[in-house]
Every structure is written in structure tokens, then in C-alpha cells.
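Undergrad: Let me give you the structure first, and then I'll get to my questions.
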Amino acid sequence: MGFESLLGNERLKDNLRRSLQRGRVSHFYLISGPQGSGKRTLANLLAAAMMCTESEKPCGGCEGCRKVLSGVHPDFITVDDPEKKTVPVDLIRQARADIYVQPNEGQRKIYLFPRGQDMGIPGQNALLKILEEPPSYGVFLLITDNPERLLPTVRSRCTELALQPLPEAVLRRELERKFPKAEPDTLAAAISRSGGYFGQAVKLLEGSEGLQQQTVDFAKAFAQRDTMGLVRVLVPMEKWKRDQVIPILQDWLSILEESLACRAGGRAISELARTISASRSSADLMAAIRQLQKCVEYAQGNISPAAICGYLQWALR
Ligand SMILES: [Zn+2]
């Protein structure tokens, strides 16, 4: 398993292979691209390549590669606390101290910062201190979906690896492999809405397969102007908790938005959105979208699910 397991991005992969062969590895890499573009895959492959003991790096089979790729290499360290909105400065300071301790096993010690965009100014300033004077074995991999949020001084010290959208043929081939039962129309719609990024297309397709029953029932009732059908969906939800109701309302919103896009000539991924767009006008859809947006806000505020579901029975009737 080498760099080929990252889809597309041929030029970037060739460049990396060449610099690894020559032993020219940078201390700091900034891996950028939107969600679902393969940033994490690239970071793991690059870290494996740096720990790899074979000539074709990463080979995927040697101990270094295997440990990195299975997430157990002691010298491949992730700096983050996903529970916190901003990557805590303390963790960055800790990494700064820890890097001067020699690697345990490998030739290198690699620090992965999965949320470069959420490092905050104090965190980035703490990081800058290491970027100025890294030990020879130290490597930093910063991942970000928004390189603009990094200080220019941080960014300018990094070798930037920007992930690109995939060619349509590659994307289609991979999606057909992963979703062998998907209709050609559904695939085409996912491809056009994914911006060319595999991860995004997968998310769209999985979302349309894994819809909750409430969403399916809501969509059918809305498409058929079936007031009683809406009541049957909404009444049981009155007893739900706020954090159960919000994601469902957001699913409804996205299905209506997809229906609206479909009426404007876009292709819909889900069969439900196609059905709705065939029976409801754009004005109907826009009005319902506004009501749902309002209700999501209410739910995020302090309004009870009972009040919200009651209101929707009236507003969407
Ligand atoms: Zn290897």
C-alpha cells in the first residue's frame, strides 16, 4: 500500500515519491483541501513513508509502515483534543517540549495537527517557536481545510501540499466500486455536487441511503400535501429531546433544498427529492425551507420540541 491508495493527485504523489527517494524531506508540511479530499490519508501515507525501511516508500508492509497506518507508532503523535473548539495551547506547548526527547523507534518523530484551522493565534505562536528551530528528526504535519486561517509566518515555513479534485472518470469508477447498486442518475448527481472530492460524494450517497424513517415519511407526506401524514410524523416527535429533533429537521431541510435545486434544473441524489420536486412549486419549497430554518433556530434556542412540532404541523400543512 503506497501513495497509490490516495486517489488522483498524480503530480503531488510523483513529487513526494521523488523527494523521498532523494531523502529530501521537509520538516513542515501543510496538507490542505476541503472536507473529504483525502488530507488524512495523505498525512498517514507521508508519515508511513518517513518511517518506512524499504526502498519503495511507503511499502505498507514493514514494521514502521504498519505501525503508522494502524495508529500505534510511538513516534507518530497526534496533537488535538476533538472535544475542544480550539486546539488547546497546552497540548501544543507539550509537543514543543516533547520534541526534544529523542524518537523511541524511528529515525523521526512526527507530530500531526489534524485541525490546523482551529489552532488559534496563541497556539500558532507556540508552534512557531518549534518551527524556528526544530531538531533534525522532527517533522510536523498540519492538516487544514482553510489555510487562510493560519498565520502567514506559519504558512510560509511549510511545504504546502494542496489536494485537488479528482478527474470525473476516476471519481465515477471509485464510486461505482463502492456503491455497486446506485442508479447512474444518483451517481451523476453525487458527482456533480461533490466538487470532485471522493469523501464528499461518499457522504452524499451514504446520506441518501441511510435516511431515517421520519425523513422518508415527512418527504412523502410533504410531496402529497398529506396533512394527516405530517401530523403522524410530527406528533411522536413532540416527546423527543431537542438534540434528537435538530438533526431530523436538518435532514428535512437538506432534502427540501435538494428538491429546490432539482426544480432549478440541478440533478437530485435522492429519489425523495425528485418526487418532491415533481409535485411542489419552488415557492412552496422556499416557504417550507424558511419555516424549517426558523424551527432549527428555535430548537437550538430554548423552545421545546413539543412547541416546535406543533408549530410545524400548522406551518407546513
Ligand atoms: Zn514500509
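In terms of numbering that gives the first Met the number 0, the sequence shown opens at residue 0 and continues consecutively.
Beta carbons are placed, not taken as given, at the ideal position from N, Cα and C, and that holds for glycine.
May I ask you to report which of helix, strand or coil DSSP gives Val-78?
TA: Judged by DSSP in its simplified three-state form, Val-78 adopts coil rather than helix or strand.
Undergrad: Starting from Ile-30, trace the beta strand (DSSP E) in both directions and tell me its first and last residue.
TA: 27-31
Undergrad: Report all residues from its chain with a CB closer than 6 Å to the CB of Ala-47; omit the five preceding and five following residues, and keep chain order.
TA: Pro-57, Cys-64, Val-67 and Leu-68
Undergrad: Say yes only if the C-beta of Gly-22 is nearer than 7 Å to one or more non-hydrogen atoms of ligand 1, and no if none qualify.
TA: no
Undergrad: Measure the beta-carbon distance from Val-71 to Met-49 and round it to whole angstroms, keeping in mind my assumption that it falls under 8 Å.
TA: Actually they are not in contact, since the Cβ atoms of Val-71 and Met-49 sit about 16 Å apart, beyond 8 Å.
Undergrad: Which residue from Ala-218, Glu-82, Lys-240 and Leu-19 puts its Cα closest to that of Asp-250?
TA: For the residues Ala-218, Glu-82, Lys-240 and Leu-19, the minimum Cα distance to Asp-250 belongs to Ala-218.
Undergrad: Who are the near neighbours of Glu-318 in its chain, counting only those whose CB is closer than 8 Å to its CB and skipping five residues on each side?
TA: The shown model of the chain, from 0 to 316, leaves out residue 318, and the question about it has no answer.
Undergrad: Leaving out the 5 sequence neighbours to the left and right, which residues in its chain are closer than 8 Å to Lys-240 when beta-carbon positions are compared?
TA: Pro-304
Undergrad: Go through the region 4-68 residue by residue and report every complete run of the beta strand (DSSP E) that reaches 3 residues or more, in order.
TA: 27-31
Undergrad: Thr-185: buried (16+ other C-beta within 10 angstroms of its C-beta) or exposed?
TA: buried
Undergrad: Between the alpha carbons of Gly-144 and Pro-33, how many angstroms are there, rounded?
TA: Reading off the sequence, residue 144 comes out as Asp, not Gly. Going by the C-alpha atoms only, they are around 5 Å apart.
Undergrad: List the residues that DSSP assigns as beta-bridge partners of Ala-70.
TA: Note that residue 70 is Gly in the sequence shown, not Ala. In the DSSP output, where bridge partners are listed per residue, Gly-70 has none listed.
Undergrad: Spatial neighbours of Leu-41 within its chain, please: C-beta separation below 6 Å, excluding the five flanking residues on both sides.
TA: Leu-5 and Ile-30
Undergrad: Please determine whether the Cβ atom of Cys-294 lies at a distance below 7 Å from any heavy atom of ligand 1.
TA: no
Undergrad: Which one or two residues does DSSP pair with Ala-161 in a beta bridge?
TA: For Ala-161, which the question treats as bridged, DSSP gives the partners Ser-31.
Undergrad: Which one of Leu-15, Lys-128 and Asn-14 has the shortest CA to CA distance from Ala-94?
TA: Lys-128
Undergrad: Could you say which of Gln-211, Leu-210 and Pro-164 lies nearest to Glu-199 if we only look at CA atoms?
TA: The sequence shown places Gln at residue 199, not Glu. Of Gln-211, Leu-210 and Pro-164, the residue nearest in Cα terms is Pro-164.
Undergrad: Which stretch, first to last residue, makes up the beta strand (DSSP E) that contains Ile-142?
TA: 137-143
Undergrad: Say yes only if the C-beta of Lys-56 is nearer than 7 Å to one or more non-hydrogen atoms of ligand 1, and no if none qualify.
TA: yes
Undergrad: Quick one: what's Ile-109 bridged to in DSSP?
TA: Phe-75 and Val-138
Undergrad: Check each candidate in Leu-284, Leu-150 and Arg-273 and name the one with the smallest Cα separation from Pro-121.
TA: The shortest C-alpha separation from Pro-121 is found at Leu-150.
Undergrad: Going by DSSP in three states, Asp-225 sits in which element: helix, strand or coil?
TA: coil
Undergrad: In the DSSP assignment, find the alpha helix (DSSP H) that holds Pro-345 and state where it starts and stops.
TA: The structure shown does not extend to residue 345, since the chain spans only 0 to 316, so no value can be given for it.
Undergrad: Please tell me whether, using a cut-off of 7 Å, the distance from the CB of Glu-3 to the nearest non-hydrogen atom of ligand 1 is below it.
TA: Flag unset: Cβ of Glu-3 not near ligand 1.
Undergrad: Out of Gln-116, Phe-112, Tyr-99 and Met-118, which has the shortest C-alpha to C-alpha gap to Glu-323?
TA: There is simply no residue 323 to check, as the chain begins at 0 and stops at 316 in what is shown.
Undergrad: Can you name, in chain order, every residue of its own chain whose Cβ lies under 6 Å from the Cβ of Ala-222, other than the five neighbours on each side?
TA: Exclusion of the five residues before and after Ala-222 leaves Thr-274, Ile-275 and Ser-278 as the residues of its chain whose Cβ lies within less than 6 Å of its Cβ.
Undergrad: Among Lys-108, Ile-109 and Gly-119, which residue has its Cα nearest to the Cα of Asp-89?
TA: Gly-119
Undergrad: For Ser-155, count neighbouring C-beta atoms within 10 Å of its own C-beta (all shown protein chains included) and say buried if the count is 16 or more, exposed if not.
TA: exposed
Undergrad: Is DSSP giving Ile-268 helix, strand or coil here?
TA: Note: Ile-268 maps to coil in three-state DSSP.
Undergrad: I want to check one thing, is the minimum distance from the CB of Thr-77 to the heavy atoms of ligand 1 below 7 Å?
TA: no
Undergrad: Hey, how far is the Cα of Leu-204 from the Cα of Ser-135?
TA: If I take the Cα positions, the gap works out to 45 Å.
Undergrad: Does the Cβ of Glu-53 lie closer than 7 Å to at least one heavy atom of ligand 1?
TA: Checking the Cβ of Glu-53 against ligand 1 gives yes.
Undergrad: Below 7 Å CB to CB, which residues in the same chain sit around Ser-191 once its five sequence neighbours on both sides are set aside?
TA: Arg-266
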